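A quick write-up on the structure given underneath.
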Amino acid sequence: MRLSRSLSITSLSGLPLWEEESLPVQDLLLFEVSWEVTNKVGGIYTVIQTKAKITVDEWGENYIMMGPYYEHNFKTQVEKCEPPNQAIKAAMDSLNNNGCQVHFGRWLIEGSPYVILFDIGAAAWNLDRWKGDLWNACSIGLPYHDREANDSLIFGSLVAWFFKELTDQLQDKPNVIAHFHEWQAGTGLVLSRSRKIPLATVFTTHATLLGRYLCAGNADFYNNLDKIYHRYCLERAAVHCAHVFTTVSQITAVEANHMLHRQPDVVTPNGLNVRKFSAMHEFQNLHSMNKAKIQEFVRGHFYGHLDFNLEKTLFFFIAGRYEFSNKGADLFLESLSRLNYLLRVHKSDVTVVVFFIMPAKTNNFNVESLKGQAVRKQLWDTAQSVKEKFGKRLYESLLRGEIPDMSKILDRDDFTIMKRAIYATQRHTFPPVTTHNMLDDSTDPILSNIRRIGLFNGRNDRVKIVFHPEFLSSTSPLLPMDYEEFVRGCHLGVFPSYYEPWGYTPGECTVMGIPSVTTNLSGFGCFMEEHVSDPSEYGIYIVDRRFRSADESCNQLTQFLFSFCQQSRRQRIIQRNRTERLSDLLDWRYLGRFYMHARHLALSRSFPGKFKMDHLNLTQGFRYPRPASVPPSPSASLHSTPHHSDEEDDDTYDEEEEAEKDRQNIKAPFTLGAEPEGKSKQLYRSSPIDSQRGRTTNLSERLVNPSFKNNKATLLL
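The opening position of the sequence shown corresponds to residue 0 in numbering that gives the first Met the number 0, with each subsequent residue numbered one higher.
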């Protein structure tokens, strides 16, 4: 049966139409199997949760998710109901009648997909028998002490059992597609294939097990081999048993090819549900509103040392799990030390406040941090009371027709109150670096490195650091903002990760119109390098951590940060407009096409007599051009001097006109995973900054020595 024409992604401005033929979903059932269905553990939860809506829109009631049953999650996230498909109901009844417990309902997220949840504990009495089945199927043994591996075996065995009962009920129609995520669900794939259950199978690894362990900080790899090897065997077996193998990024595809010995068939990037504002300027207004909230926190945190202009203060941040090296916090701190030196040498009036939002072990808020917010509030109340008195006396004087005597408007008591308020802001210590009391203060990696580089929030430091070792919350007495509000209020997100299979944090920044720094070792960075001709002009700065030394990468990151600091307010607004325009690239309505292609491919391989696919480059993408308003000469697009003013900006910029030109210029399709035309085989060897190395070298020379002319020199920091 030929596949008919598919959904066209016409709602995405400027993106090409999807030309692949669609599946007859009315004759198919799609199951998505993951340990994180209704069970938040990590980033995979975000992937399947955000992708649910577009999948439900395409498949309707023929799309069902499968995961483990946890009573609390079921009661708070799932609405129990009866299966609409009688074959599914019969398969569930068969398992329930044999001593297992299977639950069905609607997951209360956007799209409200159906879910089937298997109770692991209720079926644990089968564990020994199922271990034998796994050994007979693929000669993989699981140790008794690995609880997670044993639970994944129970889960996988229940899934395979369910698919056997279901396909027996369905016979030949409708056909079933089963998409498995990560090694915890992979056991079900291995057992299904070994029992020759008629399924089209897709397996997605979001990061290889060995990659995670080898890059994990402080991991005792060799003494934990007995906990790792059998999991690796399960993952590799699932990879080789699947009809179609996918990964979330090109960099993870390289990793999987070496560690799992199979080249991924399709790369399925992670997306987000993008909500566009009706007015172009709305997200800029949100930035302004939330920046004001962050400024209020800074006023309190740095009381007594607030000798810098908040209107010329930039807010940078890094956020995520506390993986000091993996997330690039080590590189970021070193570059901040060098940035501080450059800003001081060039006598810049720009101040940078950097937030580290990484959860660590604490016992309470820092007293100094709480005191700072109390002092700020007290000052505000004092100013308001004096303002009311001043306004009332001024009003009465004007009513009498008199020009007020300014020396009489405020009496001695008012001056006394104001002097007391000023004295209350005096501080004889530096503003605290951390907002909480750390349990491991002496050994904490971030604090240890702050001590090493000497950034203690001194008066002469142009870079200030605030370490917030908890996730943000709108109920916090210190920084009452949720994460989205905080991101919108910042100027730049910095994520120089060493190991990041995808990286949702810079993607979230892009969707909110906030520029970000990423690397060519993250899936997001590789994706942007392929899809955008000049990412830095769109506010996506990509640090080369793959083919440069640590010191060279640090210098490159420092150059990015320093260049950002030299932008005028108008230039930052223009850049935010460009960044937000890239959000279409990260929308599931566009990225969902790669999952569609993986399902098509799986059906054509598992049921070749019924489903055929032309061997064409079906995963075509495109490259965003350079913004139309950016001069073609590299030297003209960066500043030749660190001193700039708003008056220097070109008034010819028009956001809507530039966006329309970009849409018209998207004319260079290419195959995701193949080399763009004219590009060398070393896909990641050149980042945007590398391709303009002459420009970057000249800039760095000017940063260190503004009088430098034409000699070749490297940046010495």
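Note that CB positions come from ideal geometry on N, CA and C, so glycine has one too.
Because the structure is a prediction, the values reported are computed rather than measured.
Compare the Cα-Cα distances from residue 46 to each of 364, 452, 495 and 500 and report the closest residue.
500
Would you report the Cα separation of residue 134 and residue 193, rounded to the nearest angstrom?
11 Å
Backbone CA spacing between residue 179 and residue 363 [nearest angstrom]:
41 Å
Near residue 23, which residues of its chain fall below 6 Å by C-beta distance, leaving aside the five closest residues on each side in sequence?
none
Run of the alpha helix (DSSP H) containing residue 251, from where it starts to where it stops:
249 to 258
Between 147, 418 and 367, which has its C-alpha nearest residue 429's C-alpha?
367
Would you call residue 513 buried or exposed, if buried means 16 or more other Cβ atoms sit within 10 Å of its Cβ?
buried
Terminal residues of the continuous alpha helix (DSSP H) containing residue 292?
281 to 300
Who are the Cβ neighbours of residue 566 in its own chain at under 6 Å, not counting the five residues just before and after it?
none
Is residue 167 helix, strand or coil when you go by DSSP?
helix
Rounded straight-line distance, which links the Cα of residue 611 to that of residue 139
35 Å
Inter-residue Cα distance where the pair is residue 506 and residue 489:
15 Å
Would you give the residue range spanned by the alpha helix (DSSP H) that residue 592 belongs to?
587 to 605
Within a Cβ cutoff of 6 Å, which residues of the same chain sit near residue 262, ignoring the five residues on either side of it in sequence?
256
Among all the DSSP beta bridges, which residues are the ones paired with residue 28?
175
Taking contact to mean 3 or more Cβ pairs, one atom from each stretch, closer than 8 Å, check whether the stretch 412 to 422 and the stretch 299 to 306 are in contact.
no
Terminal residues of the alpha helix (DSSP H) in which residue 239 lies:
224 to 240
Report buried or exposed for residue 555, applying the criterion of at least 16 other Cβ atoms within 10 angstroms of its Cβ.
buried
I'd like the list of long-range same chain contacts for residue 53, defined as Cβ closer than 7 Å, with 5 residues on each side in sequence excluded.
587, 588 and 591
Pull up the distance between the alpha-carbon of residue 196 and that of residue 160, whole angstroms please.
10 Å
Apart from the five residues on each side of it in sequence, which residues of its chain come closer than 7 Å, Cβ to Cβ, to residue 625?
532, 533 and 536
Nearest by alpha-carbon distance to residue 121: which of 156, 89 and 132 is it?
156
Quick one: is residue 594 buried, meaning 16 or more other Cβ sit within 10 Å of its Cβ, or exposed?
buried
Sort out for me which residues DSSP pairs residue 436 with in a bridge.
363
Are there 16 or more other CB atoms within 10 angstroms of the CB of residue 649, so buried, or fewer, so exposed?
Unreliable placement is indicated for residue 649, whose pLDDT of 49 sits below 50; no coordinate value is reported for it.
Cutting at 7 Å between CB atoms, please list the residues of its own chain near residue 287, excluding the five before and the five after it.
none
State the Cα-Cα distance for the pair residue 379 and residue 294, rounded to the nearest angstrom.
14 Å
Cβ-based burial, residue 123 [other Cβ within 10 Å; buried from 16]
exposed
For residue 200 versus residue 242, is the C-beta spacing smaller than 7 Å?
yes
Would you mind listing the beta strand (DSSP E) stretches within the stretch 25 to 109 that are 3+ residues and don't spill past its ends, in chain order?
27 to 32, 62 to 67, 77 to 79 and 101 to 106
Can you grab the Cα-Cα spacing for the pair residue 258 / residue 207, in whole Å?
8 Å
One question on the structure: do residue 285 and residue 487 come within less than 7 Å of each other, judged by their Cβ atoms?
yes
For the stretch 353 to 422, list the alpha helix (DSSP H) runs that are entirely contained and at least 4 residues long, ordered along the chain.
366 to 398 and 405 to 408
Under 7 Å between the Cβ atoms of residue 114 and residue 36?
yes
Residue interval of the alpha helix (DSSP H) (run including residue 185)
181 to 193
Through-space distance from residue 571 to residue 297, alpha-carbon basis:
21 Å
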